[in-house]
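Following our numbering from start to finish, the sequence shown increments by one per residue and tops out at 199.
Virtual Cβ for every residue (Gly too), placed ideally from N, Cα, C.
This report refers to the structure that appears directly beneath it.
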Amino acid sequence: MFPPEDTLVRADDLVVVIVDIQERLAAVMDDRHRVESRSAKLARTAALVGAPIILTRQYPKGLGPVVDSIERVLLELARDGAHVIGVDKTAFCCEAEPTFRTALESTGRRQVVLCGMETHICVAQTALALAAADYGVQVAADACCSRERDSHEVALERLRFAGVTVTLTESVMYEAVGEAATDRFRALLQIVKD
């Protein structure tokens, strides 16, 4: 487990993982628009600081494509040079998929920020497995959701108890940028406002 001082987001070791924000899954989520918006902000911030982004899709044949809002943002970021990696999976735990492990290892980074759907299933399983594999793991609580609010809250409590850092989107964003009075900070302010 990372010592407390190592839970601050460091741009040079960060990778953002967006978990399963897909059409059929999002359709049954009350908080879908908040999760989509905040996940997009995390992706834009990752691109701003040069951090890679991994997008997972759980069984696309059954759950459909990634929602348009996320797809558009990631395509735009990739066109502008961001490192975006897509991974299709059938395992609930991303870390159990060899293609995900290969993608994550290829980044050379050890600090993972997770967002997406559903908190108590794919997000939690992935966070727990990555923490067990000695990654520094953070879950952006306001950029995740479950079909039921109780499921989301219990999952967050379980993650805290297991030593995973539960954080907020803006905390990640400001920590990744690190300081004001820079071009990155001015760009961050625009992301915050969008």
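- Task: Taking only the alpha-carbon atoms, compute the straight-line gap between Val22 and Gly67 and give it to the nearest angstrom.
- Result: In this structure, the straight-line span from the alpha carbon of Val22 to that of Gly67 is close to 21 angstroms.
- Could you spell out where the beta strand (DSSP E) holding Ala145 opens and where it closes? Note, Ala145: beta strand (DSSP E), Gly141 to Cys150.
- Task: Return yes when the Cβ of Val142 is within less than 8 angstroms of the Cβ of Ala132, no when it is not.
- Result: Yes.
- Message: For Val24, tell me which candidate among Arg37, Tyr140, Thr112 and Leu13 has the shortest Cα-Cα distance.
- Response: It is Arg37.
- Is Thr187 helix, strand or coil when you go by DSSP? In the three-state reduction of the DSSP assignment, Thr187 falls in the coil class, being assigned neither a helical nor a strand state.
- Which same chain residues, not among the five before or five after Val78, have their C-beta less than 8 angstroms away from its C-beta? The answer, listed in chain order, is Ala45, Ala48 and Arg49.
- Message: Strictly by DSSP, which residues pair up with Met122?
- Response: According to DSSP, Met122 bridges with Cys150.
- Task: Kindly list the residues whose CB is nearer than 6 angstroms to the CB of Val182, restricted to its own chain and excluding five residues on each side of it in sequence; keep chain order.
- Result: The residues are Arg189, Phe190 and Leu193.
- Inter-residue CB distance, Glu41 and Ile75 (contact presumed, cutoff 8 angstroms): Indeed they touch by this definition, with Cβ atoms about 6 angstroms apart.
- Message: I need the DSSP call for Thr12, collapsed to helix, strand or coil.
- Response: Here Thr12 sits in helix by DSSP.
- Query: Within the chosen definition, does the stretch 147 to 160 reach the stretch 119 to 129 through at least 3 CB pairs nearer than 8 angstroms?
  - Reply: With a cut-off of 8 angstroms on Cβ pairs, the stretch 147 to 160 is in contact with the stretch 119 to 129, counting three or more such pairs.
- Extent of the continuous alpha helix (DSSP H) run through Thr107: Per DSSP, Thr107 belongs to the alpha helix (DSSP H) from Pro103 to Thr112.
- By a C-beta neighbour count over all protein chains shown, 10 Å radius and 16 as the cutoff for buried, is Val177 buried or exposed? Classification for Val177: buried.
- Query: If you drop the 5 nearest sequence neighbours on each side, which residues of the same chain put their C-beta closer than 7 angstroms to that of Arg15?
  - Reply: Counting only Cβ-Cβ distances below 7 angstroms, and skipping sequence neighbours, we find Gln116.
- How would you call Thr174, buried or exposed, if buried means at least 16 neighbouring beta carbons within 10 angstroms? Under the 10 Å beta carbon count, Thr174 is surrounded by 16 or more other beta carbons and is classified as buried.
- In the DSSP assignment, what are the bridge partners of Leu60? BP columns for Leu60 point to Ile23 and Gly91.
- With a threshold of 16 other CB atoms inside 10 Å of the CB of Leu80, please say whether the residue is buried or exposed. So Leu80 counts as exposed.
- Message: When you compare the CB of Glu28 with every CB in chain B, is at least one pair closer than 8 angstroms?
- Response: Checking the listed chains, one finds no chain B in this structure; it contains a single protein chain.
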